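Report on the structure given below.
Here is the structure:
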């Protein structure tokens, strides 16, 4: 889908030509004689004549303009040529520009003379007056100001804006390179943000592991010393020393103290192990947070899945130049029933 279509956003864009009512009962006639100051052009005939049909020209109003769409914020400065055909009717409102269709022809493609042996449908009275075209030109400029706009795609992550007439697919493809560059830059910022934190935790874990090993070594040493002290006390008792000596009391006291140190060292080892486990969990949480932010960054800078915004740019009146408003004779094939088929598409 292309959003930047200033004409197509306001006028019919179907492949069919502007609808002309059946002319059954209206045979048509010769080319009307018009004042020289009434501008008129002929839409070129295309295709071959269907069997049993005749060529007739139906009057329509051609509006041609050049519109500049400019917006410094989005960096857009584009000029578009707009050419439309609008039906002309009898009545108080002879021309309704809202019923206009894209001409799909440049003004230079129009011809100065009709095909030979063609019939002409009746021309509304207002279309034979030069002043009408001056009024319709003003109305055409006002209609363009009210209806014409440029709609562009915008990437929320990169702030890039699509180019004139750039499709969504092409814009996303172009965004891929920008997205990669921004993603790499964001990833480097994330790495720098977490690198020092992770390094600090890893150093704390290393020192905690050393402290734990030291506590474990001291605990083992205390356990051995306690076992020796208790063993010496028990051995002294079994050797038949029946009297309580200072030596026996000293051994027993030492054994009790050794047992106390064993209990304390065991608690210190447990605390050191808990400290290591807590630090390792902090590191795991930090690494998980880093991965989460990295994934969020990748998703935010994914141009293929990013939800694009649209911005509308309308022209100023000063940037609308009406080039031509003129009578346009459009060729049609009329069958035996009076039905008309466009003969220029």
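In the numbering used here, the protein residues as written are 1242 to 1586.
We put the beta carbon where it would ideally sit given N, CA and C, even for glycine.
Being a predicted model, the structure only gives us computed values, none of them experimental.
Beta-carbon gap between residue i and residue j smaller than 9 Å
| i | j | result |
| --- | --- | --- |
| residue 1336 | residue 1303 | no |
| residue 1365 | residue 1330 | yes |
| residue 1383 | residue 1576 | no |
| residue 1428 | residue 1535 | yes |
| residue 1288 | residue 1584 | yes |
| residue 1414 | residue 1405 | no |
| residue 1558 | residue 1386 | yes |
Contact set for residue i: own chain, Cβ-Cβ below 8 Å, skip 5 residues either direction
| i | result |
| --- | --- |
| residue 1369 | 1273, 1275, 1276 and 1279 |
| residue 1354 | 1283 |
| residue 1291 | 1574, 1576 and 1582 |
| residue 1564 | 1305, 1306, 1307 and 1348 |
| residue 1449 | 1513, 1516, 1517 and 1520 |
| residue 1371 | 1276, 1278 and 1279 |
| residue 1243 | The predicted model places residue 1243 with a pLDDT of 42, which falls under 50 and marks its position as unreliable; any figure quoted below should be read in that light. Within the same chain, residue 1243 has close Cβ partners 1406, 1407, 1408 and 1409. |
Simplified DSSP assignment, three categories, for residue i
| i | result |
| --- | --- |
| residue 1579 | coil |
| residue 1587 | Given that the chain is displayed from residue 1242 to residue 1586, the structure contains no residue 1587 and the question cannot be resolved. |
| residue 1270 | strand |
| residue 1557 | coil |
| residue 1565 | strand |
| residue 1603 | Examination of residue 1603 is not possible in this model, given that the chain is present from 1242 through 1586 alone. |
| residue 1357 | coil |
| residue 1341 | coil |
| residue 1443 | helix |
| residue 1417 | helix |
| residue 1423 | helix |
| residue 1457 | helix |
| residue 1292 | coil |
| residue 1243 | Caution applies to residue 1243, whose pLDDT of 42 falls short of 50 and renders its modelled position unreliable; the model cannot decide the point. |
| residue 1534 | helix |
| residue 1523 | helix |
| residue 1550 | strand |
| residue 1281 | strand |
Inter-residue CB distance, residue i and residue j (contact presumed, cutoff 8 Å)
| i | j | result |
| --- | --- | --- |
| residue 1549 | residue 1409 | 7 Å |
| residue 1513 | residue 1452 | 5 Å |
| residue 1442 | residue 1523 | 6 Å |
| residue 1357 | residue 1285 | With 8 Å as the limit, residue 1357 and residue 1285 do not qualify as a contact, their Cβ atoms being about 14 Å apart. |
| residue 1445 | residue 1393 | About 52 Å; that fails the 8 Å criterion. |
| residue 1547 | residue 1315 | Not a contact, Cβ separation roughly 17 Å. |
Same chain, Cβ closer than 6 Å to residue i, five either side skipped, listed in chain order
| i | result |
| --- | --- |
| residue 1566 | 1304, 1374, 1377, 1378 and 1381 |
| residue 1359 | 1296 and 1298 |
| residue 1311 | 1318 |
| residue 1322 | 1307 |
| residue 1344 | 1324, 1325 and 1326 |
| residue 1363 | none |
Residues near residue i in its chain [Cβ-Cβ closer than 7 Å; skip 5 each side]
| i | result |
| --- | --- |
| residue 1438 | 1527 |
| residue 1417 | 1544 |
| residue 1237 | Because the chain here runs from 1242 to 1586, residue 1237 falls outside it and cannot be looked at. |
| residue 1562 | 1306 and 1307 |
| residue 1419 | 1399 and 1401 |
| residue 1333 | none |
| residue 1350 | 1285 |
inquiry  = To test your reading of the DSSP string, which unbroken beta strand (DSSP E) runs of 3 or more residues are found completely within the region 1360-1407?
reply    = Runs found: 1391-1395.
key: beta strand (DSSP E) segments (min. 3 residues) lying fully within the region 1295-1339   = You should have 1295-1312 and 1317-1328.
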